[in-house]
Structures are given as structure tokens and as C-alpha cells.
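Scroll down for the structure; my scribbles are underneath it.
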Amino acid sequence: MPAIGVWMGILDRFRLDGRLALVTGAAGGLGAAIAVALAEAGASVACHGNRRAADETAERIRALGRDAASFAADLGAADGADRLYEAVAAKMGAPEILVNNAGMIYRDEAENYSAEAWMQVVQVNLNSVFRLSQLAGRAMLERRRGKIINIASLLAFQGGIRVPAYAASKGGVAQLTKALANEWAGRNVQVNAIAPGYFRTENTSALQKDETRSRQILDRIPAGRWGEPEDLAGAAVFLASPAGDYVTGEVLVVDGGWMAR
-18 MPAIGVWMGI LDRFRLDGRL ALVTGAAGGL GAAIAVALAE AGASVACHGN RRAADETAER
42 IRALGRDAAS FAADLGAADG ADRLYEAVAA KMGAPEILVN NAGMIYRDEA ENYSAEAWMQ
102 VVQVNLNSVF RLSQLAGRAM LERRRGKIIN IASLLAFQGG IRVPAYAASK GGVAQLTKAL
162 ANEWAGRNVQ VNAIAPGYFR TENTSALQKD ETRSRQILDR IPAGRWGEPE DLAGAAVFLA
222 SPAGDYVTGE VLVVDGGWMA R
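Laid out in C-alpha cells, this is it:
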């Protein structure tokens, strides 16, 4: 943050030069788009991959002239978040920006939903988000500067169909965002969430392939199209940058107008 009285032009306030960001789930999709956008704004990026390495994303960022490294960790494991944070801190330092993007989805009728599937979805989508926020937040609070961006979902507001664990975990992410914002805003750590609508990602591949469901979804979206990962980039850069210093505890919907319908 600039000293009081130091003027910054509006475009300068979106710069992230000298900042280190950790983006989970950065091997592809939304996470890769966010990681590259943060790098384009000047940040160095630690790129996490859960099921596959984020080497390609890290290479794209290094091609931009920014520092980047790829880290693998299973956030479905109880100690996955700790292992990831320790590896990033040891190699690149404590991140000043954390983007909790990694997530998973499992579909089944609620009456048949297995306890194992429930626990795995909640572990990846909610438990790891809290633990990484806690670990990164401690260093942010000590330096009195930091940004945490959690990736929620439209199902933070709606119940969805055949995805009870996903809906519950994303609702939890939204409320966790507000809880952390309440505690940490006074120490200059802003915590926000982005709730993407229907984007072309691996998580929505089943819906995209279902012609009937895909048409129903498109009919509901005023923009008339699925979101592309790059459509989320501007919101992430804004919330990660000094331009968003007075924004905290928000769940920013990026959905082509779905929630306005």
C-alpha cells in the first residue's frame, strides 16, 4: 500500500509488481487463467496442481518475464494444505496474495450420496480453503498487508441438483470469506470471494455435453453464452490489487447475468 499522500493513477492501482501470489488448481481452467492474469499485472506466481502438475501454467508465466514455479499437493488429504504452503514458503517465500481456486464436484442423488464422496468434496472445497487462508493469513497479518480470494460458485446462493456436497461446501466458502473479512479487515488483509457462473471448465464438462441441460442453462443466461476462463481474470486482478483495498467480505458474482434473471 502506498504511503498516505502518495498519489497513484488508477491503472497503477491495478499493478501487482513485487507481489507473490499462490493460486491453487492452476493446472488449467479458471486457475490457470487467474494465475496468468496476476502475472500479467506484475506478480510472481506459485502455481499449484492437485491431480496434475501446473508446469505448463508456470512456463506461460515465465515466458512473460515473471517468476513462477509449479507445486503439486493433494488438497484432498488432511495435511495437503500444510504441505503445499510449506513448499511454497520454502522456495518462493510467504505469498501476499492467495487464490483458493482448487475444487472438485461429485454428482449423485442426495439419498444415494456416499459419505466418502461427501467428505472428499468438503475437504478439497472448504477445509483446505480454511487451512490455506489460516496459514497465509498469519504472515499477511504480521506484515499488515494481504489479499485472499476464494472461488465460490452460484451454488453459494442456490441449491443445485445432485450436488449436495458441492453446494454445501461453496455456501461454506462464502460464509468463511465473510467471517475472515470481519476479523482481518482492521489489519489490512482483505478477504473476498468470486462466484463464477457457468464456465467452460472440466467441472462443467458433463453439463456441456448434455444438449438439453446445456440449452436450459444458455436460455437462462442473459449473455447467451458459457463463460470462458479469461472472463474471470479482471475480477481476480481487481480484488488482488490496491484498487480493491476498500473491498472486503464480498462475494462478487461473475455469471453473464444469471443471478439477475
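Numbers -18 to 242, taken from my numbering, label the letters of the sequence shown in order. We put the CB at the ideal spot given by N, CA and C, even for glycine.
Can you tell me where the beta strand (DSSP E) with residue i in it begins and where it stops?
| i | result |
| --- | --- |
| residue 135 | Note, residue 135: premise wrong, no beta strand (DSSP E); not H, not E. |
| residue 175 | 170 to 177 |
| residue 162 | Premise fails: residue 162 lies in the alpha helix (DSSP H), 145 to 165, not in any beta strand (DSSP E). |
Leaving aside the five residues before and after residue i along the sequence, list all residues of the same chain whose C-beta is less than 8 Å from its C-beta, in chain order.
| i | result |
| --- | --- |
| residue 140 | 148 |
| residue 221 | -3, 0, 2, 19, 22, 24, 78, 80, 128 and 130 |
Quick check on residue i: buried or exposed, where buried means 16 or more other Cβ atoms within 10 Å of its Cβ?
| i | result |
| --- | --- |
| residue 118 | buried |
| residue 164 | exposed |
| residue 191 | exposed |
| residue 72 | exposed |
| residue -8 | exposed |
| residue 240 | exposed |
If you reduce the DSSP assignment to three classes, tell me which class residue i lands in.
| i | result |
| --- | --- |
| residue 203 | coil |
| residue 116 | helix |
| residue 17 | helix |
| residue 222 | coil |
| residue 9 | coil |
Terminal residues of the continuous alpha helix (DSSP H) containing residue i?
| i | result |
| --- | --- |
| residue 30 | First-last for residue 30: 25 to 30, but that is the beta strand (DSSP E), not the alpha helix (DSSP H). |
| residue 189 | 186 to 190 |
| residue 106 | Where residue 106 is concerned, there is no enclosing alpha helix (DSSP H), given that its DSSP letter is neither H nor E. |
| residue 228 | Per DSSP, residue 228 belongs to no alpha helix (DSSP H) and is neither H nor E. |
| residue 22 | Unbroken run through residue 22: none, as it is neither H nor E. |
To which residues of the same chain is residue i closer than 6 Å at the C-beta, ignoring the five residues directly before and after it?
| i | result |
| --- | --- |
| residue 87 | 98 and 102 |
| residue 198 | 179 |
| residue 159 | 230 |
| residue 7 | 13, 16, 28, 29, 35 and 38 |
For residue i, I'd like the list of residues in its chain whose CB is within less than 7 Å of its CB, leaving aside the five on either flank, ordered along the chain.
| i | result |
| --- | --- |
| residue 215 | none |
Problem set entry | Complete beta strand (DSSP E) runs within the segment 58 to 98 (minimum length 3 residues, chain order) | Listed in chain order, they are 78 to 81.
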